[in-house]
Amino acid sequence: MVSVSSLLLALLPATSVLACAMHRATTTQDSVERRDSSTGQCGAANGNLSCNGTTVNRCCSQAGWCGDSTDHCGTGCQAAFGYCSPPAPAPTIPAISTRAKLGSVPYGSEIYACTKANTIALTFDDGPYLYTAALLDLLKTKGVKATFFVTGSNLDKGDIDSTAAWTSVIQRAYNEGHQIASHTWTHADLSAVDEATRKYEMVRNEQAFLKIIGKYPTYMRPPYISCNAACQATMGTLGYHVILWDLDTDDYNQDAAGLIQNSKNNVKTAYDQRWDAYMSIAHDIHYQTVYNLTSYQIDAGRAAGYTHTTLGECLQDPAANWYRTQL
Ligand SMILES: [Zn+2]
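Residues -19 to -1, 1 to 308 (mature numbering (1 follows the signal peptide of the UniProt record, and there is no 0)) make up the sequence shown, in order.
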């Protein structure tokens, strides 16, 4: 099926294609499940990978590669997977005060595991997105608090602080007792970008969180599990706990009715081993995660005798340390 935006692109003269950021808000895009590309490839022929997270607003070429060159944009982007834009402006980073490192949870180094016995911290990355509200409904029904690693502007969804649906769902998650954490502004690879961009990726998200919930998190998770020594140093300077996980549901590879059982098996295998605690990763941008896996995982965790907590709780960090209010 040819999307409306593809038709529009085909009708535009080549010189207009570079201004095609206006095509971001097409309804056809919302029906396509996309993930940010980490390989430079994109499009329906490449697992529905989107170019939006590779840098700022890149085009997915007809041949399935992310980029902003004439070769990429001149023949028209695959509009559901990225769009052309002028070169990104130099990031502007406001003056940042010295940030106190409160509590005993380490800052600026990778943390893989919860420390409080008999807890499971469910964490969800990459949202908010189409299914986040339904996930909040489920968590409410089950009486479970979770942690959301929020990305500010990925998957062509619009900025979280200027798109009403995302602003309100983040406020709802916070007000219902879930922990809000950062997953960068554009889902960037923090080891691959320069220092200024790395800081911008974090501080731009902080500005959005301040507008949305009046505070910003001290917990972050690096996209693509990628935070090298330079990145960890930056996160330390900015006062962040760098959070990974020890239980990978692998949900992003199992997002189909016939596959999600694999994620359930991953959960069951881990719970059968009776670890002291679990730091789980899943993604609220996937249908099967929200409508199938999470309910199973909560029931399985409870049956195994564990309590579901936020990340801060499972790390025994007082709630007062989870956020800051001054940039
Ligand atoms: Zn992610």
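Yeah, the Cβ is synthetic: ideal placement off N, Cα and C, and Gly gets one too. This structure is a prediction, so every number in the text was calculated from the model and none was measured.
Using a cutoff of 6 Å, the CB of P204 counts as near ligand 1, since one of the ligand's heavy atoms is closer than that. Going by DSSP, I101 is part of the beta strand (DSSP E) stretching over 100 to 106. In the DSSP assignment, S149 falls within the unbroken alpha helix (DSSP H) covering 145 to 156. R305 sits in a strand when the DSSP states are folded into three classes. The criterion of a C-beta distance shorter than 7 Å is satisfied by G63 and C40. Taking 6 Å as the cut-off, one finds no heavy atom of ligand 1 near enough to the beta carbon of D118. Relative to G286, the option among Y259, L117, D175, G28 whose CA is nearest is Y259.
Separation of S31 and G24 (C-alpha to C-alpha, rounded to the nearest whole angstrom) is 7 Å.
If you draw a straight line from the Cα of W303 to the Cα of D52, it is about 45 Å long. Taking A214 as reference, the option from K192, R179, A162, I206 with the minimal CA-CA separation is R179.
In the DSSP assignment, H264 forms a beta bridge with D106. The alpha-carbon separation between T230 and A81 amounts to approximately 34 Å.
DSSP places S276 inside the alpha helix (DSSP H), whose first and last residues are 275 to 284. Taking 6 Å as the cut-off, one finds no heavy atom of ligand 1 near enough to the beta carbon of D49. Between the region 199 to 218 and the region 157 to 173, the count of Cβ pairs shorter than 8 Å is three or higher; the stretches touch. Contact annotation: T167 and S207 have beta-carbon atoms that are not nearer than 7 Å.
When DSSP reads this structure, D17 sits in a beta bridge with S31.
Under the DSSP assignment, A251 falls in the alpha helix (DSSP H) whose first and last residues are 241 to 253. Pairwise C-beta distances place the region 239 to 250 out of contact with the region 209 to 223, as fewer than three of them are shorter than 8 Å. Rounded to the nearest whole angstrom, the C-alpha separation of A263 and L119 is 15 Å. D137 has its Cβ no nearer than 6 Å to any heavy atom of ligand 1. Secondary-structure assignment with DSSP links F130 through a beta bridge to D106, A162. From the listed residues L191, S19, A173, Q297, the smallest Cα separation to S143 is found for L191.
The alpha-carbon separation between S78 and A237 amounts to approximately 46 Å. At a Cβ-Cβ threshold of 7 Å, G217 and G21 do not count as neighbours. DSSP links H53 through a beta bridge to no other residue.
Membership of T288 in the beta strand (DSSP E) is indicated by the continuous run 288 to 290.
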